[in-house]
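Worksheet: one structure, shown below.
What follows is the structure, given as structure tokens:
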């Protein structure tokens, strides 16, 4: 069973500006420097004819993990996020696939950045699945909370980046 994630962010800028702020190599490196945690790295960044593909690696220190996770995994967790964005003209769509070191499960999401009356809206819908009997649901709840916080923090960073 998987736990759903849904996050909506609004921006006072148009879709092209927000897309650039979220996919530009310099912006991604600055975001990782500020928010990336241990072992933060932009592992890949490729601009294609149809959009952008990039991979981020971020670390979560062991002392920041709940005791349930620490009992199943020793040391820091490394989170690898693969993003693929497609430029559809007035809007952008994307997919996100996340793998966490030594954790049997997955995080996937679809994202859409579309025009709105006052700028644009980004909608992220996904799910977290942790395949560990008896405790998987508890870990999923923790992960959903952390992903939601991360999305809020990244939204704030994007707004600050655009305001500069």
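In the numbering used here, the protein residues as written are 180 to 343.
Idealized CB from N, CA, C, for every residue including glycine.
Since we're looking at a predicted model, the values are computed, not measured.
- Linking residue 328 to residue 321 through their CA atoms gives a straight-line distance of about 11 Å.
- Ranked by how close their Cα comes to the Cα of residue 191, the residues 298, 225, 273 have 298 in first place.
- Collapsing the DSSP output to three states places residue 230 in a strand.
- With contacts defined as CB atoms closer than 8 Å, residue 294 and residue 270 qualify as a contacting pair.
- Within the same chain, no Cβ atom closer than 7 Å to the Cβ of residue 268 is found once the five residues on either side in sequence are excluded.
- Closest in C-alpha terms to residue 232, from the list 224, 304, 238, comes 224.
- The Cβ neighbour count for residue 319, taken over all protein chains shown within 10 Å, is at least 16; the residue is labelled buried.
- Cβ-Cβ distances below 6 Å link residue 288 to 275, 303, 305 in the same chain, with the five nearest sequence neighbours on each side left out; the list follows chain order.
- Closest in alpha carbon position to residue 228, among 315, 235, 221, 264, is 264.
- By the Cβ neighbour-count rule, residue 226 is exposed, with fewer than 16 other Cβ atoms within 10 Å of its own.
- Around the beta-carbon of residue 254, fewer than 16 other beta-carbon atoms lie within 10 Å, marking it exposed.
- In this structure, the alpha-carbon of residue 203 lies about 14 Å from that of residue 194.
- Annotated as proximal: residue 309 and residue 315, with beta-carbon spacing under 8 Å.
- Here the alpha carbons of residue 285 and residue 181 stand approximately 9 Å from one another.
- Residue 266: member of the beta strand (DSSP E) spanning 256-266, first to last residue.
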